[in-house]
Structure formats: C-alpha cells, structure tokens
Amino acid sequence: MTHVVSESCIRCKYTDCVDVCPVDCFREGPNFLTIDPDECIDCAVCIPECPVNAIYAEEDLPADQVHMTKLNAELALLPTWKSITKRKIPMPDADDWKDKTGKLSELIR
Amino acid sequence: MIETEALIIGAGPVGLFQAFQLGLQDIRCHVVDSLPQAGGQCVELYAHKPIYDIPGIPLCTGQELIDKLQLQIKPFAPAFHLEELVSELHATEDGQWHVQTNKGTQFKAATVFIAAGVGAFVKRGLSLPGFNELMGKHIFHEAPNSSAFKGKHLLVLGDSDAALQACQQWMQGPEAAASVTLVHRRNHFQADPQAVDAMRLACEMKSMRFVVGQPTGLIHAEGVLSGLELMNAEGESDILQVDSILLCLGLSPKLGPLGHWGLAMERKQLPVNTESFATEASGIFAVGDINTYPGKKKLILCGFHEATLAAFGASALLRPEQKTPLQYTTTSTHLHKLLGLS
Numbered sequence: 001m002t003h004v005v006s007e008s009c010i011r012c013k014y015t016d017c018v019d020v021c022p023v024d025c026f027r028e029g030p031n032f033l034t035i036d037p038d039e040c041i042d043c044a045v046c047i048p049e050c051p052v053n054a055i056y057a058e059e060d061l062p063a064d065q066v067h068m069t070k071l072n073a074e075l076a077l078l079p080t081w082k083s084i085t086k087r088k089i090p091m092p093d094a095d096d097w098k099d100k101t102g103k104l105s106e107l108i109r
Numbered sequence: 110m111i112e113t114e115a116l117i118i119g120a121g122p123v124g125l126f127q128a129f130q131l132g133l134q135d136i137r138c139h140v141v142d143s144l145p146q147a148g149g150q151c152v153e154l155y156a157h158k159p160i161y162d163i164p165g166i167p168l169c170t171g172q173e174l175i176d177k178l179q180l181q182i183k184p185f186a187p188a189f190h191l192e193e194l195v196s197e198l199h200a201t202e203d204g205q206w207h208v209q210t211n212k213g214t215q216f217k218a219a220t221v222f223i224a225a226g227v228g229a230f231v232k233r234g235l236s237l238p239g240f241n242e243l244m245g246k247h248i249f250h251e252a253p254n255s256s257a258f259k260g261k262h263l264l265v266l267g268d269s270d271a272a273l274q275a276c277q278q279w280m281q282g283p284e285a286a287a288s289v290t291l292v293h294r295r296n297h298f299q300a301d302p303q304a305v306d307a308m309r310l311a312c313e314m315k316s317m318r319f320v321v322g323q324p325t326g327l328i329h330a331e332g333v334l335s336g337l338e339l340m341n342a343e344g345e346s347d348i349l350q351v352d353s354i355l356l357c358l359g360l361s362p363k364l365g366p367l368g369h370w371g372l373a374m375e376r377k378q379l380p381v382n383t384e385s386f387a388t389e390a391s392g393i394f395a396v397g398d399i400n401t402y403p404g405k406k407k408l409i410l411c412g413f414h415e416a417t418l419a420a421f422g423a424s425a426l427l428r429p430e431q432k433t434p435l436q437y438t439t440t441s442t443h444l445h446k447l448l449g450l451s
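Those protein sequence lines, which keep their order, are chains A and B.
Counting in our numbering, the first sequence runs from 1 upward without gaps.
Counting in our numbering, the second sequence runs from 110 upward without gaps.
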C-alpha cells in the first residue's frame, strides 16, 4: 500500500505536503508532485496538509483517480524528478487551477 | 544517570497506554517525548478532530483521548521527560540500554519501548546557508525575552495563529519593534479568520506589512544578519532589510536520530514479532505506527493491543524466574493494589 497524489495537484503544487513527510518520499516534476511508493510508509500525515485534498491512501482513491497509483510510481522513477523536502511557492496560477478536474493532459513529465 | 526497568520513547496514545500496561505488570517506567506536552499526533495534528474507532468510546477528539489515557495511567505515575529528543541509544556491556536525550538526560534502561509514531516533531527551520550560525542570535523560534525585538526590524515567518499574534505583540507598546513584516509563501492563512482580518487591518493602518514570498537567502556578514532574500510568486527576487527573524513555521515530524541507532529497519520502520512486539534487539520493543509486521494496520487500537503484548513480553524478560499470569482488572486483588484501589 502507499499514498497517492491525484490529478488535483497538476498545475498547483502547493507543496504543503512535502514539509510534513517524515520519510521525504515526495518527488517534484515541472507541474506535479508524486509520491514514491517504495518510500511512503502510509503515515497519512500529508493528507490533511494539502489545500486541495489531492492526496489519498491508495485504497481510498476516487474511482476516476485509480490510474494515479501507477502514474505516481512511474513518475517517481524518472531521474529528473528530484526529492523535495521543503515547501516552496505554489505555481503562479495555482489558485486558478485548483478546482479544475480532468487535468491529466496538462501534466508535464 | 536514571536507572529504570522501562523507558518509553514517545508519549502518543500508544506510548501512554504502554505505560498503563507496564504498570499492570508492576514495571515502573519513564517516558520521553520531543513535544512540550503528551499526546503526539493526537494533540499536535488532531486535537479537535473526531476519532470514532476507539473500542467503547463511540466518539472523542484527539485531545479527549489523550486526557482519558493520562487519567488511566495516573495510578502508575510514570515520570515524563518532555521537550527532550532521544538522540542516542546503544547497548551496555551488561545487556541493558543506554539512552541519552538532546538535553543531556541519561538513562540506563533494562527495556526500551519505541512508540515514536512517524518520528519526533521538531520546529521547522530554514534550509539556507548561514541559518545555523544565525540561529539564537538573529533568528529565533520564540522571543528570548519581552524586549528582544525592541527597536529592531523584525520579520515574522509563518501563517499560524502564533505568527499573527507575534505581529500584534511586536508592532505596538513600549517594547515595539521598529518595523514588523509578516512573510508567508502565499496569501492564504491557517490562522483564525478573525486574526487574519486583524492583521490585514493593521497592514492598512501601516502598523505592519505583509509580503508574499519564499525565503531564498540570508544576507549576513561576520555573524550579523542584515537582510532576507525572497522570491515572490512571479519568480522575482527581493531583499527585505531585517535585524531579527522570528520563525513561526510550526512543527514537522522527522524520523530523526532513530534511523542511526543501528536497529534493523524496513522501509524506515522497525520490524517486530507479533508475540511480544519485540525487535530483533533484545530488550527493545516497538509499538504503534513505528513498527511493521505482516498485516500491520496503523490504527491506535492496534497499537493498544501491541503495547499490551509488549508489556507481557517485557515482564517475561525482566523476571524470567517468575511466571507472568493473566489476570483481570475486574477481579484481581493484585491488580487492584497496583491500581491503588485497595
């Protein structure tokens, strides 16, 4: 089991989650954060931190987000996606994108 | 050096219940926690949030659960060492464990119960060059005294109630700072909406100001801080003149020193057997969210079960010549005596 970042994070990257992670399992891409399932210990501390509720325990993922488990694992392995452990400024238009759904086509690897 | 039969690392719900179960086995214990109060995540993260799955308690908040546990362990009066982070743990020559905290408290413990959850909650700092050098001189987690920032250009970092209270405190009165600037990485606050309104009003009145930005550099020379470099949301860099920085960035759990104690770890958790929740190191038990075993579920109520069997395990280890009988708190006069009832 792991925790998974859902599509809600795309183009937002508020990064509140990375700061609380006790095992530093978040990886950062150009416009999305992912969780490395090999590092995540399912402590769930990150879930309430996300201002857009993008993070779920794998088995709690909404039906339209189950594909994100595989995608999180895949993205976490990309060499350009580096570990992120400190909060940073959200993406410039994060507030405009936070409530949008179906953002998968916006994801930049 | 404090000599004890048992030392519990972590005063969350499972650490507290561990003290209770050890008490029933007539084992006295000391409890160490990095936070200033008992309760761990239950108080730090979920104090006012509901919990529905504690057996026999249909609904309570995190704080209420901790209050009830504190009441329950009262007969055994465990000694608490709060605001201390266990920094070292190693075996002694006579098969016990030497434990030391960051405040220098030392224990020699026959058994150690690691109930450390997701690690120790530590105050967030800034990962910027020069931070360690300036910490305690120009950068603070709390004001060292009531006139520490008098006449200074003060930056307050954070978005919590504590951050906003600090702004209110230092922008007025006889001990006021020369200027107060609140810095947060976005224009959205965790603090109480009323406190946010008061802060915005104070900004309109020019009593203070608020700047959106992410700290990117400390400007200092010969140990004296003069500025904080910030990056704003547009990616532009700006420098704020500053004498003192007050950090109100909250707490963050980190596994911390535990990872360096030479204990076998599996994905940063401690593998245990499910008979006694002992680790492979004799005398060291791991209970609650920090342990792992087949079928592990990170639930408080599972931690209670783990703590119970760990206490039986410790009793067998500490008193091998003595049988550890199963007794019921309902009927056992021995347990009643331990609980101070007779």
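We put the beta carbon where it would ideally sit given N, CA and C, even for glycine.
*Leaving aside the five residues before and after THR85 (chain A) along the sequence, list all residues of the same chain whose C-beta is less than 8 Å from its C-beta, in chain order.*
Looking up residue 85 (chain A) in the first sequence gives position 85. Apart from the 5 residues on each side of it in sequence, THR85 (chain A) sits with its Cβ closer than 8 Å to the Cβ of VAL18, ASP19, CYS21, ASP24 and PHE26 in its chain, given in chain order.
*asked:* Taking the alpha-carbon of GLU39 (chain A) as reference, which of A:VAL4, A:PRO62, A:ASN31 and A:ASP95 has the nearest alpha-carbon?
replied: Your numbering for residue 39 (chain A) matches position 39 in the first sequence. Nearest to GLU39 (chain A) by C-alpha distance, out of A:VAL4, A:PRO62, A:ASN31 and A:ASP95, is A:VAL4.
*What residues in the region 342 to 365 of chain B have a beta carbon less than 7 Å from any beta carbon of chain A?*
Under the 7 Å Cβ criterion, the region 342 to 365 of chain B contributes ALA342, GLU343, SER361, PRO362, LYS363 and LEU364.
_Could you check whether PRO380 (chain B) and GLY228 (chain B) sit closer than 8 Å to each other, using their CB atoms as the reference points?_
Here residue 228 (chain B) corresponds to residue number 119 of the second sequence, with the count starting at 1. Here residue 380 (chain B) corresponds to residue number 271 of the second sequence, with the count starting at 1. No, they are not a contact pair.
_Selection from B:SER335, B:GLN378, B:MET110 and B:LYS406 that minimises the alpha carbon distance to LYS212 (chain B)_ = Working through the second sequence from its first residue, we reach residue 212 (chain B) at position 103. Closest in alpha carbon position to LYS212 (chain B), among B:SER335, B:GLN378, B:MET110 and B:LYS406, is B:MET110.
*Alpha-carbon to alpha-carbon, PHE421 (chain B) and HIS199 (chain B)*: Counting from one through the second sequence, the residue named residue 199 (chain B) turns up at place 90. Counting from one through the second sequence, the residue named residue 421 (chain B) turns up at place 312. Here the alpha carbons of PHE421 (chain B) and HIS199 (chain B) stand approximately 23 Å from one another.
*Where does LEU360 (chain B) fall in DSSP's three states?*
Counting from 1 along the second sequence, the entry for residue 360 (chain B) is found at position 251. Under the three-state reduction of DSSP, LEU360 (chain B) is assigned to strand.
*Confirm, please, whether the CB-CB distance from ALA218 (chain B) to THR388 (chain B) is below 8 Å.*
Stepping through the second sequence from its first residue, residue 388 (chain B) is reached at position 279. Stepping through the second sequence from its first residue, residue 218 (chain B) is reached at position 109. No; because the gap between Cβ atoms is not below 8 Å, this pair is not in contact.
*asked:* Assuming GLU153 (chain B) is part of the alpha helix (DSSP H), what are its boundary residues?
replied: Counting from one through the second sequence, the residue named residue 153 (chain B) turns up at place 44. Taken as a continuous stretch (DSSP letters only), the alpha helix (DSSP H) holding GLU153 (chain B) covers 149 to 153.
*Given a limit of 7 Å on CB to CB distance, which residues of the region 2 to 31 of chain A reach chain B?*
From the region 2 to 31 of chain A, only ASP19, VAL20, PRO22 and VAL23 have a Cβ closer than 7 Å to chain B.
*Which partner residues of ILE136 (chain B) appear in the DSSP bridge assignment?*
Working through the second sequence from its first residue, we reach residue 136 (chain B) at position 27. None, per the DSSP bridge assignment.
*Residues that MET340 (chain B) bridges to, as DSSP identifies them*: The count along the second sequence starts at 1 and reaches residue 340 (chain B) at position 231. Per DSSP, B:GLN323 and B:SER346.
*State yes or no: is the C-beta of SER105 (chain A) within less than 8 Å of the C-beta of ALA54 (chain A)?*
One-based indexing of the first sequence puts residue 105 (chain A) at position 105. One-based indexing of the first sequence puts residue 54 (chain A) at position 54. ALA54 (chain A) sits away from SER105 (chain A), with the two beta carbons spaced by 8 Å or more.
*Could you list which residues in chain B have their beta carbon closer than 7 Å to that of ASP42 (chain A), in chain order?*
The residue labelled residue 42 (chain A) in the question sits at position 42 within the first sequence. The contacting residues are LYS407.
*Would you verify that the beta carbon of VAL45 (chain A) is, or is not, closer than 8 Å to some beta carbon of chain B?*
If you number the first sequence from 1, residue 45 (chain A) lands on position 45. VAL45 (chain A) counts as touching chain B.
*Who are the neighbours of GLN127 (chain B) on chain A, taking C-beta pairs under 9 Å?*
Translated into the one-based positions of the second sequence, residue 127 (chain B) becomes position 18. The premise fails here: GLN127 (chain B) is roughly 19 Å from chain A at the closest Cβ pair, so nothing lies under 9 Å.
*Within the 8 Å Cβ cut-off, does ARG87 (chain A) reach chain B?*
As a working note, residue 87 (chain A) is residue 87 in the first sequence. ARG87 (chain A) counts as touching chain B.
*Taking Cβ positions, are LYS103 (chain A) and ARG11 (chain A) nearer each other than 8 Å?*
Working through the first sequence from its first residue, we reach residue 103 (chain A) at position 103. Working through the first sequence from its first residue, we reach residue 11 (chain A) at position 11. The Cβ atoms of LYS103 (chain A) and ARG11 (chain A) lie closer than 8 Å to each other.
*Identify, in the order they occur along the chain, each residue of the same chain with its Cβ nearer than 7 Å to the Cβ of ALA287 (chain B), setting aside the five sequence neighbours on each side.*
By 1-based counting over the second sequence, the position of residue 287 (chain B) is 178. Taken in chain order, the residues that qualify are GLY260, LYS261 and HIS262.
_Rounding to the nearest angstrom, what Cα-Cα distance links LEU154 (chain B) and GLN215 (chain B) in this structure?_
Mapped onto the second sequence, residue 154 (chain B) falls at position 45. Mapped onto the second sequence, residue 215 (chain B) falls at position 106. One Cα belongs to LEU154 (chain B), the other to GLN215 (chain B), and the distance between them is close to 29 Å.
*Return yes when the Cβ of LYS377 (chain B) is within less than 8 Å of the Cβ of ILE108 (chain A), no when it is not.*
Residue mapping note: residue 108 (chain A) aligns to position 108 of the first sequence, counting from 1. Residue mapping note: residue 377 (chain B) aligns to position 268 of the second sequence, counting from 1. No, the Cβ-Cβ distance between ILE108 (chain A) and LYS377 (chain B) is not below 8 Å.
*Can you tell me the Cα-Cα spacing of CYS312 (chain B) and ARG318 (chain B), whole angstroms?*
Counted from its first residue, the second sequence places residue 312 (chain B) at position 203. Counted from its first residue, the second sequence places residue 318 (chain B) at position 209. Whole-angstrom Cα-Cα distance: 5 Å.
_Suppose you measure from the CA of GLY29 (chain A) to the CA of THR80 (chain A); what does that come to, to the nearest Å?_
Counted from its first residue, the first sequence places residue 29 (chain A) at position 29. Counted from its first residue, the first sequence places residue 80 (chain A) at position 80. Put simply, the backbone Cα of GLY29 (chain A) is about 7 Å away from that of THR80 (chain A).
*asked:* List, in chain order, every chain B residue whose beta-carbon is nearer than 9 Å to that of PRO92 (chain A).
replied: Here residue 92 (chain A) refers to the residue found at position 92 of the first sequence. Simply ALA342, GLU343 and GLY344.
*Count the other CB atoms within 10 Å of the CB of THR439 (chain B); is the residue buried (16 or more) or exposed (fewer)?*
Against the second sequence, residue 439 (chain B) aligns to sequence position 330. The C-beta of THR439 (chain B) has fewer than 16 other C-beta atoms within 10 Å across all chains shown, which makes the residue exposed.
*Taking C-alpha atoms, which residue in A:ASP16, A:THR101, A:LYS13 and A:CYS46 lies nearest to PRO62 (chain A)?*
Translated into positions along the first sequence, residue 62 (chain A) becomes position 62. Nearest neighbour of PRO62 (chain A) by Cα position, chosen from A:ASP16, A:THR101, A:LYS13 and A:CYS46, turns out to be A:THR101.
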